[in-house]
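Colleague: What follows is a structure written as structure tokens; I'll ask about it next.
Number of protein chains: 2
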Amino acid sequence: MIKQSIEMDQAAAILKLLGDKTRLTMMRILADHDCCVCEFVAIFDASQPAISQHIRKLKDAGLVKESRRGQWVFYSLNRQYEHFEFVQLLTDALPSQEEKLTELEKQGKRISCE
Amino acid sequence: MIKQSIEMDQAAAILKLLGDKTRLTMMRILADHDCCVCEFVAIFDASQPAISQHIRKLKDAGLVKESRRGQWVFYSLNRQYEHFEFVQLLTDALPSQEEKLTELEKQGKRISCE
DNA sequence: TTATCATATAATGATTTGCTTATATGTTCA
DNA sequence: TGAACATATAAGCAAATCATTATATGATAA
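In order, the protein sequence lines correspond to chains A and B.
Anchor point for the first sequence: position 103 equals 473 in this note's numbering, and the numbering is continuous, going up by one each time.
Anchor point for the second sequence: position 43 equals 413 in this note's numbering, and the numbering is continuous, going up by one each time.
What follows is the structure, encoded as structure tokens:
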């Protein structure tokens, strides 16, 4: 199988989407763990609608997928996304955001509903 | 020397800048050749001020540098740019825009003033 | 079933973006 | 020097973006 190269307009659209600190950081976090909306709200210290709207953009573009677990909605990377490798190339170049999660745990705000 | 990782806000700023098809394509072209403004105008079939304004953003951010050659102003990648490697990671993942240049040559619009 | 928690959506407004038109600047050449 | 060419800048405007507030939806638990 010959790997199909991404087209310029698709690449530009992805970069535009990720050219926002909040969304870019979300993607970097999701590269390591699934996350639910309320965790993002806590991490970014942002309003719930603001976070919800950022996630929606990522979801509409196909970069993330959602799954409801009880009352929570979790998001994860969509590894079937057509240009997942391109996205991964980017997130791999970014620093781990692990501290944001450990910070959450300290505050007892980490959700886990396994 | 430990390679310093790019910070999230810097990365987001770069992606935002490159999240525009015209600017992204410019960077991909510049990865292969220096280019002058009038070539970009021909390639993108855009107005001269529009092109000039895109280039200015790239220049202000430090991604490209300019050099005047006679009446033309040429632009090239700034390989000394702090996050050049990050930028290169991106452009390397994009398809060559070589045809755009060969197209120009066919039309006799390629500038060369060596 | 109703209160509560988690999330999404809608409406609105301020800010940013990217073009256009008009004009200024800098270079070359007759 | 002045005309022509290449480029930059400024001003203005329409569209896009991103937050806010208010409200709707969906799930759980008492």
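Ideal Cβ positions, reconstructed from N, Cα and C, are used throughout, including at glycine.
From a predicted model like this one, the values you see are computed outputs, not experimental measurements.
In whole angstroms, what is the alpha-carbon distance linking P465/A and L394/A?
Modeller: Residue numbering aside, residue 465/A sits at position 95 when the first sequence is read from its first letter. Residue numbering aside, residue 394/A sits at position 24 when the first sequence is read from its first letter. The alpha-carbon atoms of P465/A and L394/A are separated by roughly 11 Å.
Colleague: Could you give the C-beta distance for V434/B and I384/B, rounded to a whole number, given that I count them as a contact under 8 Å?
Modeller: To locate residue 434/B, count along the second sequence from 1; it is residue 64. To locate residue 384/B, count along the second sequence from 1; it is residue 14. In fact, because the Cβ distance is near 13 Å, the residues do not count as touching under 8 Å.
Colleague: Give the C-beta separation of Y325/A and E436/A to the nearest angstrom, bearing in mind that I take them to be a contact with Cβ-Cβ under 8 Å.
Modeller: Only positions 371 to 484 of chain A appear in the structure, and residue 325/A is not among them; the question remains open.
Colleague: Does the pairing of the segment 409–418 of chain B with the segment 415–435 of chain A give three or more beta-carbon distances under 8 Å?
Modeller: no
Colleague: Use the C-beta contact count for Q441/A: other C-beta atoms within 10 angstroms, 16 or more gives buried, fewer gives exposed.
Modeller: Indexing the first sequence from 1 puts residue 441/A at position 71. Within a 10 Å sphere around the beta-carbon of Q441/A sit fewer than 16 other beta-carbons, which makes this residue exposed.
Colleague: Tell me the residue span of the beta strand (DSSP E) that contains L447/A.
Modeller: To locate residue 447/A, count along the first sequence from 1; it is residue 77. Per DSSP, L447/A belongs to the beta strand (DSSP E) from W442 to L447.
Colleague: Out of A381/B, I481/B, G478/B and R449/B, which has the shortest C-alpha to C-alpha gap to A401/B?
Modeller: Residue mapping note: residue 401/B aligns to position 31 of the second sequence, counting from 1. The candidate whose alpha carbon is nearest that of A401/B is R449/B.
Colleague: Which of helix, strand or coil does DSSP assign to R480/B?
Modeller: As a working mapping, residue 480/B is identified with position 110 in the second sequence. Three-state DSSP puts R480/B in coil, outside helix and strand.
Colleague: In whole angstroms, give me the CA-to-CA distance for L387/A and T472/A.
Modeller: To locate residue 387/A, count along the first sequence from 1; it is residue 17. To locate residue 472/A, count along the first sequence from 1; it is residue 102. If I take the Cα positions, the gap works out to 27 Å.
Colleague: Is it buried or exposed for R438/A, if we count other Cβ within 10 angstroms and need 16 for buried?
Modeller: In the first sequence, the residue the question calls residue 438/A occupies position 68. The residue in question, R438/A, is exposed, as its Cβ has fewer than 16 Cβ neighbours within 10 Å.
Colleague: Is it buried or exposed, Q477/B, if we count other Cβ atoms within 10 angstroms and call 16 or more buried?
Modeller: Taking the first residue of the second sequence as 1, we reach residue 477/B at position 107. With fewer than 16 other Cβ atoms from the protein chains shown falling within 10 Å of its own Cβ, Q477/B counts as exposed.
Colleague: For G432/A, collect the residues of the same chain with a Cβ closer than 8 Å to its Cβ; drop the 5 residues on either side in sequence, then sort them by chain order.
Modeller: Numbered from its first residue, the first sequence carries residue 432/A at position 62. Cβ neighbours of G432/A beyond the five flanking positions: N448, Y451 and E452.
Colleague: Thinking C-beta only, is A463/B closer than 8 Å to L474/A?
Modeller: Taking the first sequence and counting its residues from 1, one reaches residue 474/A at position 104. Taking the second sequence and counting its residues from 1, one reaches residue 463/B at position 93. For L474/A and A463/B, no; Cβs fall outside 8 Å.
Colleague: Can you list, in chain order, the residues of the segment 372–397 of chain A whose Cβ is nearer than 9 Å to any Cβ on chain B?
Modeller: S375, I376, E377, M378, D379, A381, A382, A383, I384, L385, K386, L387, L388, G389, D390, K391, T392, R393, L394 and T395
Colleague: In the DSSP output, what is R439/A paired with across the bridge?
Modeller: On the first sequence, residue 439/A is found 69 positions in, with the first residue counted as 1. Looking at the DSSP assignment, R439/A forms a beta bridge with W442/A.
Colleague: Within a Cβ cutoff of 6 Å, which residues of the same chain sit near F410/B, ignoring the five residues on either side of it in sequence?
Modeller: Here residue 410/B is taken as the residue at index 40 of the second sequence, counted from 1. So the list reads I421, once near-sequence residues are dropped.
Colleague: I want to see whether chain B comes within less than 8 Å of L447/A, judged by CB atoms only; does it?
Modeller: Looking up residue 447/A in the first sequence gives position 77. For L447/A, the answer is no, since every Cβ of chain B falls outside 8 Å of its Cβ.
Colleague: Do you know how far the Cα of F454/A is from the Cα of H403/A?
Modeller: Working through the first sequence from its first residue, we reach residue 403/A at position 33. Working through the first sequence from its first residue, we reach residue 454/A at position 84. In a straight line, the C-alpha of H403/A is about 16 Å away from that of F454/A.
Colleague: Can you grab the Cα-Cα spacing for the pair C405/B / I399/B, in whole Å?
Modeller: Along the second sequence, one-based indexing puts residue 405/B at 35. Along the second sequence, one-based indexing puts residue 399/B at 29. Rounded to whole angstroms, C405/B to I399/B spans 8 Å at the Cα level.
Colleague: With a CB to CB cut of under 6 Å and the five nearest residues on each side skipped, what residues in its chain are close to E468/B?
Modeller: Residue mapping note: residue 468/B aligns to position 98 of the second sequence, counting from 1. Here the set comprises nothing.
Colleague: How would you write the range of the alpha helix (DSSP H) that I399/A sits in, first residue to last?
Modeller: For the purposes of this step, residue 399/A is taken as the residue at position 29 of the first sequence. K391 to L400 is the span of the alpha helix (DSSP H), which, as asked, contains I399/A.
Colleague: Kindly list, in the order they appear in chain A, the residues whose Cβ is closer than 8 Å to that of F456/B.
Modeller: Translated into positions along the second sequence, residue 456/B becomes position 86. Those are A463, listed as they occur along chain A.
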